[in-house]
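Engineer: The structure follows.
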Amino acid sequence: MTQMTFARAINSGLRKSLENDPKVVLMGEDIGALGGVFRVTDGLQKDFGKHRVVDTPLAESGIMGTAVGLAYRGYRPVVEIQFDGFIYPAFDQIVSQVAKMHYRTQGAVKMPITIRVPFGGGIGSPEHHSESPEAYFTHTSGLRVVSVSNPQDAYTMIQQAIASDDPVLYFEPKRRYHDKGEVDETVDLRTALSMEKARVVTEGKDVTLVAYGPLVKTARDAALAATDEGVSVEVIDLRSLAPLDFVTLEASVRKTGRLVITHEAGQSGGLGAEVAASITERCFYHLEAAPVRVTGFDVPYPYSKLEMHHLPGLDRILDGVDRALGRPNSLSGLEG
Amino acid sequence: MFTDDAGKGGISAGGPGNSEDSTRRTGGDLVQLITPEGERVSHPEFDSWLQDVSDEQLGSLYEDMVVIRRIDAEATALQRQGELALWPPLLGQEASQIGSARALRDDDFVFPSYRDNGVAYCRGVKVEDLVRAWRGNASAGWDPFTVNVATQQIIIGAQSLHATGYAMGIQNDGADCVAVAYFGDGATSEGDVNEAMVFAASFQAPVVFICQNNHWAISEPVRLQSHIQLADRASGFGIPSMRVDGNDVLAVMAATRIALDRARHGGGPTFIEAVTYRMGPHTTADDPTRYRDANELEDWAAKDPISRMKSLLDRKGLLTADLENAVAAKADAVAKELRAGTINMPEPQPLDIFKHVYSTPNSWLDRQQEHYSRYLASFGDPAEAASEEGAR
Numbered sequence: 001m002t003q004m005t006f007a008r009a010i011n012s013g014l015r016k017s018l019e020n021d022p023k024v025v026l027m028g029e030d031i032g033a034l035g036g037v038f039r040v041t042d043g044l045q046k047d048f049g050k051h052r053v054v055d056t057p058l059a060e061s062g063i064m065g066t067a068v069g070l071a072y073r074g075y076r077p078v079v080e081i082q083f084d085g086f087i088y089p090a091f092d093q094i095v096s097q098v099a100k101m102h103y104r105t106q107g108a109v110k111m112p113i114t115i116r117v118p119f120g121g122g123i124g125s126p127e128h129h130s131e132s133p134e135a136y137f138t139h140t141s142g143l144r145v146v147s148v149s150n151p152q153d154a155y156t157m158i159q160q161a162i163a164s165d166d167p168v169l170y171f172e173p174k175r176r177y178h179d180k181g182e183v184d185e186t187v188d189l190r191t192a193l194s195m196e197k198a199r200v201v202t203e204g205k206d207v208t209l210v211a212y213g214p215l216v217k218t219a220r221d222a223a224l225a226a227t228d229e230g231v232s233v234e235v236i237d238l239r240s241l242a243p244l245d246f247v248t249l250e251a252s253v254r255k256t257g258r259l260v261i262t263h264e265a266g267q268s269g270g271l272g273a274e275v276a277a278s279i280t281e282r283c284f285y286h287l288e289a290a291p292v293r294v295t296g297f298d299v300p301y302p303y304s305k306l307e308m309h310h311l312p313g314l315d316r317i318l319d320g321v322d323r324a325l326g327r328p329n330s331l332s333g334l335e336g
Numbered sequence: 337m338f339t340d341d342a343g344k345g346g347i348s349a350g351g352p353g354n355s356e357d358s359t360r361r362t363g364g365d366l367v368q369l370i371t372p373e374g375e376r377v378s379h380p381e382f383d384s385w386l387q388d389v390s391d392e393q394l395g396s397l398y399e400d401m402v403v404i405r406r407i408d409a410e411a412t413a414l415q416r417q418g419e420l421a422l423w424p425p426l427l428g429q430e431a432s433q434i435g436s437a438r439a440l441r442d443d444d445f446v447f448p449s450y451r452d453n454g455v456a457y458c459r460g461v462k463v464e465d466l467v468r469a470w471r472g473n474a475s476a477g478w479d480p481f482t483v484n485v486a487t488q489q490i491i492i493g494a495q496s497l498h499a500t501g502y503a504m505g506i507q508n509d510g511a512d513c514v515a516v517a518y519f520g521d522g523a524t525s526e527g528d529v530n531e532a533m534v535f536a537a538s539f540q541a542p543v544v545f546i547c548q549n550n551h552w553a554i555s556e557p558v559r560l561q562s563h564i565q566l567a568d569r570a571s572g573f574g575i576p577s578m579r580v581d582g583n584d585v586l587a588v589m590a591a592t593r594i595a596l597d598r599a600r601h602g603g604g605p606t607f608i609e610a611v612t613y614r615m616g617p618h619t620t621a622d623d624p625t626r627y628r629d630a631n632e633l634e635d636w637a638a639k640d641p642i643s644r645m646k647s648l649l650d651r652k653g654l655l656t657a658d659l660e661n662a663v664a665a666k667a668d669a670v671a672k673e674l675r676a677g678t679i680n681m682p683e684p685q686p687l688d689i690f691k692h693v694y695s696t697p698n699s700w701l702d703r704q705q706e707h708y709s710r711y712l713a714s715f716g717d718p719a720e721a722a723s724e725e726g727a728r
């Protein structure tokens with residue numbers, strides 16, 4: 001076990017992938033000499049060369065489209081999108097090409113491309129630097145979407161994503177980059193928990209609280225705070241956003257009968273909607289109350305002095321937990 | 337399949353006041369080696385790239401153009417008869433496609449657009465595979481790795497980036513094959529084509545951009561896309577370009593060989609503008625009489641790529657009855673094969689809809705497939721469910 005930051009854990013996982021497979025190529029803006037704006041690729045170009053760690057021109061569609069061509073040639077590109085809000089110029093290549101190529105060619109052409117996206121807010125940035133665009137991609141068939149919440153998963157899952165023959169969107173919670181944790185670098189990818197599996201990170205019996213990425217830490221803190229009030233919250237880290245691990249979700253909800261989902265992204269058409277609808281379909285008779293969503297608002301990501309109103313924090317999550325439990329909460333007395 | 341690894345004759349050096357070879361310049365005058373009347377015009381630089389083209393090969397280039405025109409006509413007829421949902425005719429662009437495709441080596445890799453059926457045919461794609469997607473039996477017709485041709489791209493210009501990325505891979509591998517992107521005049525306005533040229537120039541990737549300027553992007557004339565010659569756009573990216581008569585199979589072939597040779601020897605990308613004309617509609621669903629002048633069509637009919645090749649062969653005494661009969665017989669046979677292959681194409685099965693979305697099992701999709709499968713089974717005969725609304 002080694003103590004390391006979240007960013008260093010990803011760096012270490014990337015290094016391992018570069019060492020293990022000569023076909024792995026990193027591409028992105030400023031990922032070479034600078035080591036990326038968050039230093040996630042620090043030192044990799046120096047050690048693996050400019051052909052393995054490629055500084056690209058400033059064109060996101062260009063990066064993604066050339067990654068498709070490299071995959072055609074048998075490479076395993078790992079693309080860094082510098083910030084969440086910069087991914088949209090690449091949207092067409094991701095949705096129309098990366099996601100559909102395997103289907104289009106009846107399995108002849110694989111797209112083992114990993115798209116790393118630092119996402120989410122809480123870092124006081126200007127516009128376009130704090131978004132949570134994951135639902136655009138979970139809605140797109142052909143893509144796998146994951147989000148990591150701790151250094152160990154970051155280390156393991158980046159390698160699992162790169163090893164996947166399907167394209168993977170890998171969402172990194174940028175406000176947790178400097179969080180430290182223990183990482184076992186000897187982990188065996190074959191026996192490690194599959195990246196498609198959710199994980200129960202705090203066991204509880206009264207409410208199931210579902211989170212992913214940056215809000216897993218907030219959700220765990222909320223669960224801890226809830227114990228003071230005698231409420232036992234089970235926290236699930238989704239890890240995989242597409243596909244969702246309904247086996248783990250259902251088992252928890254069947255036990256607790258109550259469901260709260262939280263994410264930074266806006267509410268409409270978000271992951272919370274999918275989890276709530278699917279869980280309602282799958283275990284309606286085990287639910288004691290309507291599922292509750294605690295999410296960002298349906299607004300453009302706000303200017304930084306207001307972002308803490310937008311981001312679900314510990315108290316807002318606990319308010320949602322109260323609502324699921326039928327306890328007095330901020331919406332008491334309101335219909336619907 | 338005709339492939340080419342010859343054609344390494346030198347390019348004569350420099351124009352006035354220019355020590356570089358003149359094909360490295362951008363744009364310039366339209367290069368034409370066969371006049372519309374079929375006269376062979378000499379061109380010191382381009383001719384040196386055609387020295388190995390024998391009389392027999394001239395006949396074979398002619399044959400390929402006739403055959404692909406026949407495939408195009410047969411596919412159009414099949415669409416009119418309801419056997420294909422749609423077809424994008426290439427009528428008029430035979431020389432651009434055959435001339436360039438026949439300059440390629442087997443290990444070069446082509447990224448074509450939906451209209452490049454002549455290119456695909458030259459590379460050995462089976463004729464029924466050309467129409468598989470247009471019949472609605474698949475999203476694309478063939479396995480790219482069996483013919484080194486990607487499936488035809490429908491998103492305008494997107495494949496130019498795939499070719500460039502593939503070329504970056506070639507570079508990493510230290511190989512000497514080349515990636516070739518085919519697109520049209522409209523595509524030169526797309527961001528992806530411009531980004532592809534930025535990347536290709538930046539990495540000096542072994543890629544050739546072949547732009548068939550057929551003058552129309554559905555209803556939009558090329559002057560809406562650009563106020564300069566398309567070939568001249570390349571200079572802004574630092575990419576050498578050539579502008580050739582796209583209805584002249586030899587000019588296109590020579591230009592492609594020059595570009596391929598440059599790419600194979602570390603000289604980076606080249607942009608070729610093949611100036612041609614889309615004689616037919618954008619697709620069988622289009623009506624060009626709504627937006628273009630009949631006179632324009634007449635002008636271009638006089639510059640037809642096949643009739644000029646036929647005249648050239650005639651002038652050289654090569655247009656024998658034997659050749660004409662052989663070419664006609666081949667075109668007939670291929671058309672027949674296309675028709676039979678289309679009509680006898682196996683129908684996809686309902687649950688095929690779920691195949692190949694992912695390369696490994698996906699729990700969401702597996703559940704949807706299982707549920708739909710049960711739904712279909714509830715009818716007894718699955719075909720009934722889809723074909724008869726209200727069968728319930």
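Going line by line, the protein sequences match chains A and B. Counting in the numbering used here, the first sequence tops out at residue 336, every number present. Counting in the numbering used here, the second sequence tops out at residue 728, every number present. Backbone N, C-alpha and C define an ideal beta-carbon position, used for all residues, glycine too.
Give me the chain B residues within the contact set of A:K339, using Cβ-Cβ distance strictly less than 7 Å, ordered along the chain.
Structural biologist: What the structure shows of chain A is the stretch from 1 to 336, and residue 339 of chain A is not part of that stretch, so it cannot be assessed.
Engineer: Helix, strand or coil for A:L18 per DSSP?
Structural biologist: Stepping through the first sequence from its first residue, residue 18 of chain A is reached at position 18. Three-state DSSP puts A:L18 in a helix.
Engineer: List the whole-angstrom C-beta distance separating B:A439 from B:R593, where the pair is believed to meet the contact cut-off of C-beta under 8 Å.
Structural biologist: Translated into positions along the second sequence, residue 439 of chain B becomes position 103. Translated into positions along the second sequence, residue 593 of chain B becomes position 257. Indeed, because the Cβ distance is near 5 Å, the residues count as touching under 8 Å.
Engineer: Which of the three DSSP states, helix, strand or coil, is assigned to A:S164?
Structural biologist: For the purposes of this step, residue 164 of chain A is taken as residue 164 along the first sequence, with counting starting at 1. It is coil, neither helix nor strand.
Engineer: Give me the Cα-Cα distance between B:G346 and B:W385, rounded to the nearest whole angstrom.
Structural biologist: Along the second sequence, read from residue 1 onward, the residue named residue 346 of chain B stands at position 10. Along the second sequence, read from residue 1 onward, the residue named residue 385 of chain B stands at position 49. Because B:G346 carries a pLDDT of 31, less than 50, the predicted location of this residue cannot be relied on, and no value is offered for it.
Engineer: Report yes or no: do the segment 624–634 of chain B and the segment 409–425 of chain B share at least 3 C-beta pairs separated by less than 8 Å?
Structural biologist: No: fewer than three Cβ pairs fall under 8 Å.
Engineer: Name, please, each residue of chain A whose Cβ falls closer than 7 Å to the Cβ of B:L466.
Structural biologist: Walking along the second sequence from the start, residue 466 of chain B turns up at place 130. The contacting residues do not exist; B:L466 stays about 15 Å from chain A at best.
Engineer: So what's B:W552 in DSSP terms, helix, strand or just coil?
Structural biologist: Working through the second sequence from its first residue, we reach residue 552 of chain B at position 216. Residue state, collapsed to three classes: strand.
Engineer: Which value, in whole angstroms, describes the spacing of the CA atoms of B:H551 and B:N453?
Structural biologist: Residue numbering aside, residue 551 of chain B sits at position 215 when the second sequence is read from its first letter. Residue numbering aside, residue 453 of chain B sits at position 117 when the second sequence is read from its first letter. Near 18 Å, if we compare the C-alpha coordinates of B:N453 and B:H551.
Engineer: Return the CA-CA distance between B:I370 and B:H379, expressed in angstroms with no decimal places.
Structural biologist: Along the second sequence, read from residue 1 onward, the residue named residue 370 of chain B stands at position 34. Along the second sequence, read from residue 1 onward, the residue named residue 379 of chain B stands at position 43. So the alpha carbons of these two residues sit roughly 10 Å apart.
Engineer: Between B:F447 and the rest of its own chain, which residues show a CB-CB distance below 6 Å, the 5 nearest in sequence each way excluded?
Structural biologist: Locating residue 447 of chain B in the second sequence gives position 111, counting from the first residue. Hits under 6 Å: A486, Q495, H498, A499 and A517.
Engineer: Compute the Euclidean distance between the alpha carbons of B:G574 and B:E531, then round it to the nearest angstrom.
Structural biologist: Your numbering for residue 574 of chain B matches position 238 in the second sequence. Your numbering for residue 531 of chain B matches position 195 in the second sequence. In a straight line, the C-alpha of B:G574 is about 13 Å away from that of B:E531.
Engineer: Name the DSSP beta bridge partners of B:S475, please?
Structural biologist: Within the second sequence, numbered from 1, the residue matching residue 475 of chain B stands at position 139. In the DSSP output, where bridge partners are listed per residue, B:S475 has none listed.
Engineer: Considering Cα atoms alone, identify which of B:V367, B:P372, B:V377 and B:F382 is closest to B:D597.
Structural biologist: If you number the second sequence from 1, residue 597 of chain B lands on position 261. Closest option to B:D597, Cα to Cα, is B:F382.
Engineer: Going along chain A in order, which residues have a C-beta closer than 8 Å to the C-beta of B:Y502?
Structural biologist: As a first step, residue 502 of chain B must be located in the second sequence, where it is residue number 166. What B:Y502 touches in chain A: G69, L70, Y72 and R73.
Engineer: Across the segment 289–308 of chain A and the segment 244–251 of chain A, are there enough close Cβ pairs to call them in contact, namely three or more that are closer than 8 Å?
Structural biologist: Segments in contact, no.
Engineer: Any beta carbon of chain B sitting closer than 8 Å to that of A:R76?
Structural biologist: Residue 76 of chain A sits at position 76 when you count from the first residue of the first sequence. For A:R76, the answer is no, since every Cβ of chain B falls outside 8 Å of its Cβ.
Engineer: Mind listing the chain B neighbours of A:H139? Cutoff is C-beta to C-beta under 9 Å, in chain order.
Structural biologist: The residue labelled residue 139 of chain A in the question sits at position 139 within the first sequence. In chain order: nothing, as chain B lies at least about 12 Å away.
Engineer: Less than 8 Å between C-beta atoms, sequence neighbours within five positions excluded: which residues of the same chain meet that for B:A342?
Structural biologist: The residue you call residue 342 of chain B lines up with position 6 of the second sequence. Only weak support exists for where B:A342 lies, its pLDDT of 37 falling under 50; the value from the coordinates is given anyway. Only D388 meet the Cβ criterion.
Engineer: My parser needs the alpha helix (DSSP H) runs of 4 or more residues fully inside the segment 654–704 of chain B; what are they?
Structural biologist: Taking only runs of at least 4 residues, the alpha helix (DSSP H) segments lying wholly in the segment 654–704 of chain B are 657–679.
Engineer: Nearest CA to the CA of B:Q489: which residue from A:G35, A:G65 and A:G230?
Structural biologist: Numbered from its first residue, the second sequence carries residue 489 of chain B at position 153. Minimum Cα distance to B:Q489 is reached at A:G65.
Engineer: Can you grab the Cα-Cα spacing for the pair A:G85 / A:Y301, in whole Å?
Structural biologist: Position 85 of the first sequence, counted from the start, is the residue given in the question as residue 85 of chain A. Position 301 of the first sequence, counted from the start, is the residue given in the question as residue 301 of chain A. Approximately 10 Å between the Cα atoms of the pair.
Engineer: What residues from chain A crowd round B:P480, counting only those whose CB sits closer than 7 Å?
Structural biologist: In the second sequence, the residue the question calls residue 480 of chain B occupies position 144. Here the neighbours are T105, A108 and V109.
Engineer: Using a Cβ-Cβ cutoff of less than 7 Å, which residues in the same chain neighbour B:I554 once the five nearest sequence positions on both sides are dropped?
Structural biologist: Looking up residue 554 of chain B in the second sequence gives position 218. Counting only Cβ-Cβ distances below 7 Å, and skipping sequence neighbours, we find H618 and D622.
Engineer: Check this for me: beta carbons of A:T56 and A:G35, under 8 Å apart or not?
Structural biologist: Reading the first sequence from its first residue, position 56 is the one you call residue 56 of chain A. Reading the first sequence from its first residue, position 35 is the one you call residue 35 of chain A. Not closer than 8 Å, so no.
Engineer: What is the DSSP secondary structure of A:I123, counted as helix, strand or coil?
Structural biologist: Within the first sequence, the letter at position 123 stands for residue 123 of chain A. Of the three classes helix, strand and coil, the one that applies to A:I123 here is coil, per DSSP.
Engineer: Can you name the residues of chain A whose CB is closer than 7 Å to the CB of B:G527?
Structural biologist: By one-based count along the second sequence, residue 527 of chain B stands at place 191. Simply S61.
Engineer: If you measure beta-carbon to beta-carbon, which residues of the segment 123–151 of chain A are closer than 7 Å to chain B?
Structural biologist: Those residues of the segment 123–151 of chain A that come within reach of chain B (Cβ to Cβ, closer than 7 Å) are S141 and G142.
Engineer: Using a 10 Å radius around the Cβ and a threshold of 16 neighbouring Cβ atoms, would you call A:T227 buried or exposed?
Structural biologist: In the first sequence, counting from the first residue as 1, residue 227 of chain A sits at position 227. Exposed: under 16 other Cβ atoms inside 10 Å.
Engineer: For a contact meaning CB atoms closer than 8 Å, what does A:H102 contact in chain B?
Structural biologist: Locating residue 102 of chain A in the first sequence gives position 102, counting from the first residue. Here the neighbours are H692, V693, Y694 and S695.
Engineer: For B:I491 and A:V117, I'd like the C-alpha separation in whole angstroms.
Structural biologist: Taking the first residue of the second sequence as position 1, residue 491 of chain B is located at position 155. Taking the first residue of the first sequence as position 1, residue 117 of chain A is located at position 117. Going by the C-alpha atoms only, they are around 25 Å apart.
Engineer: By the 10 Å Cβ neighbour count, where 16 or more other Cβ atoms means buried, how is B:D400 classified, buried or exposed?
Structural biologist: Walking along the second sequence from the start, residue 400 of chain B turns up at place 64. So B:D400 counts as buried.
Engineer: From A:A222, A:S304 and A:F284, pick the residue whose C-alpha is nearest to that of A:V321; which is it?
Structural biologist: Position 321 of the first sequence, counting from 1, holds the residue named residue 321 of chain A. Selected option, being the one with the closest Cα: A:A222.
Engineer: If you run the structure through DSSP and keep just helix, strand and coil, what is A:K46?
Structural biologist: Along the first sequence, read from residue 1 onward, the residue named residue 46 of chain A stands at position 46. Residue state, collapsed to three classes: helix.
Engineer: Could you compute how far the alpha carbon of B:V543 sits from the alpha carbon of A:G204?
Structural biologist: Indexing the second sequence from 1 puts residue 543 of chain B at position 207. Indexing the first sequence from 1 puts residue 204 of chain A at position 204. If you take the alpha carbons of B:V543 and A:G204, they lie about 58 Å apart.
Engineer: First and last residue of the alpha helix (DSSP H) that includes B:F447?
Structural biologist: What you label residue 447 of chain B is simply residue 111 of the second sequence in a count that begins at 1. Per DSSP, B:F447 belongs to no alpha helix (DSSP H); it is in the beta strand (DSSP E), F445 to F447.
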